[in-house]
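**Student:**
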Amino acid sequence: DDAEKLRSSLRRIMWGKVGLMRSGDSLASATAQLSRWNRMVDRPFGTRLDLEVKNMVQVAKCVAKAALWRENSVGAHFRADYPDTKRLGWRQHSRLERTDLIKGARGEGAETG
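Residue numbers (my numbering): 59 to 171.
1) Secondary structure at Arg69, three-state DSSP: helix, strand or coil?
2) May I ask which residues mark the beginning and end of the alpha helix (DSSP H) holding Asp142?
3) Let me check one thing: in DSSP terms, what residues is Met79 bridge-paired to?
4) For Ala90, does the count of other Cβ atoms within 10 angstroms reach 16, so buried, or fall short, so exposed?
5) Between the C-alpha atoms of Arg94 and Glu62, what's the straight-line distance to the nearest angstrom?
6) Can you find at least 3 beta carbon pairs, one from the segment 74-85 and one from the segment 128-144, that sit closer than 8 Å?
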């Protein structure tokens, strides 16, 4: 079944490229693949599994884009290209909008600099 194969591939890409150990290159690669899959699943769904996989791809794309945008290591998620956990100005919330633009808004008590 195509939906089951895509779900399995989605798990692999999210763990391998967007998981705990990540880099800008792996996140960019994952985002590109997820964008292709998002176009592929952007059709009427036939089964509940089709709808679930479509939603999973859309959420995965949001997670990967937000992780690519955040250029520091946060919690257990380590960016090999940005190992610093205390970059000034990065205490922010991330928001992905329908236009695919990610915007940051400083959280309360955010550092400045």
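Where is the CB? At the ideal position from N, CA and C, for every residue including glycine.
Keep in mind the model is a prediction, meaning the values are calculated, not measured.
**Tutor:** Short version:
1) Looking up residue 69 in the sequence shown gives position 11. When secondary structure is reduced to three states using DSSP, Arg69 falls in the helix class.
2) Start at 1 with the first residue of the sequence shown, and residue 142 comes out as number 84. Run containing Asp142: none; DSSP gives neither H nor E here.
3) Within the sequence shown, numbered from 1, the residue matching residue 79 stands at position 21. BP columns for Met79 point to Phe136.
4) For this step, residue 90 is matched to residue 32 along the sequence shown. The C-beta of Ala90 has fewer than 16 other C-beta atoms within 10 Å across all chains shown, which makes the residue exposed.
5) For the purposes of this step, residue 94 is taken as the residue at position 36 of the sequence shown. For the purposes of this step, residue 62 is taken as the residue at position 4 of the sequence shown. Separation of Arg94 and Glu62 (C-alpha to C-alpha, rounded to the nearest whole angstrom) is 17 Å.
6) Between the segment 74-85 and the segment 128-144, the count of C-beta pairs closer than 8 Å reaches three or more; the two stretches touch.
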